[in-house]
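The block underneath contains the structure these notes are about, expressed in structure tokens.
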Amino acid sequence: MTFTPAAAQTIARFLRDTQTEPEDYDLILTGDLGSTGSRLLIELLKSENNIDISKVHNDCGIMIFDPQKQDVHSGGSGCGCSATVVCSYILDCMTAKKLNKVLFVGTGALLSPTSSLQKESIPGIAHGVLLTNE
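With our numbering applied, the sequence shown covers -2 to 131.
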């Protein structure tokens, strides 16, 4: 996944800059890594930064589907997953005080037809947004 290193760097930097730990958050949510990208993210953060988000991490691309009922393989992708999950389920949970502190890391690819045709790698990007009831 091209987004995974960007997400790992963003999360590690956010935690370092805010002097917080994963346990300080009810949820660390990524945008559309799916199950494969999420596993890679957790492995990268552990091996490169000694950060374990496995207990508080979820991904919009996983949450938007029911893997037992739908054949979606790794999960969803695209900004639609992030918008749908964050603006409905996550905000509803925050309004109901089921979640109070969520670090949302939206992920994406900087796609370029020229780069793809030239067999160049596709750079990933990730932005961290803190959602809080505090």
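Idealized CB from N, CA, C, for every residue including glycine.
Top-ranked residue by Cα proximity to residue i, from the options
| i | options | result |
| --- | --- | --- |
| residue 55 | 47, 36 and 111 | 36 |
| residue 29 | 87, 92 and 80 | 80 |
| residue 46 | 5, 97 and 112 | 5 |
| residue 82 | 110, 95 and 57 | 57 |
| residue 41 | 7, 115 and 67 | 7 |
Cutoff 7 Å; reference residue i; Cβ partners in own chain excluding five residues on either side
| i | result |
| --- | --- |
| residue 108 | 119 |
| residue -2 | At residue -2 the pLDDT is 46, less than 50, meaning the model places this residue with poor confidence and gives no usable figure here. |
| residue 43 | 49 |
CB-CB length for residue i against residue j, believed under 8 Å
| i | j | result |
| --- | --- | --- |
| residue 48 | residue 12 | 6 Å |
Nonlocal neighbours in the same chain, by C-beta distance under 8 Å from residue i, ignoring five residues either side
| i | result |
| --- | --- |
| residue 20 | 52 and 53 |
| residue 126 | 100, 101, 102 and 103 |
| residue 97 | 23, 91, 129, 130 and 131 |
| residue 69 | 62 |
| residue 39 | 49, 50, 51 and 54 |
| residue 113 | 119 |
Beta carbon of residue i nearer than 8 Å to that of residue j
| i | j | result |
| --- | --- | --- |
| residue 3 | residue 123 | yes |
| residue 105 | residue 76 | yes |
| residue 50 | residue 87 | no |
Cutoff 6 Å; reference residue i; Cβ partners in own chain excluding five residues on either side
| i | result |
| --- | --- |
| residue 78 | 29, 57, 58 and 61 |
#### Entry: Ordered list of alpha helix (DSSP H) runs contained in the stretch 9 to 67, each at least 4 residues
31 to 46 and 57 to 60
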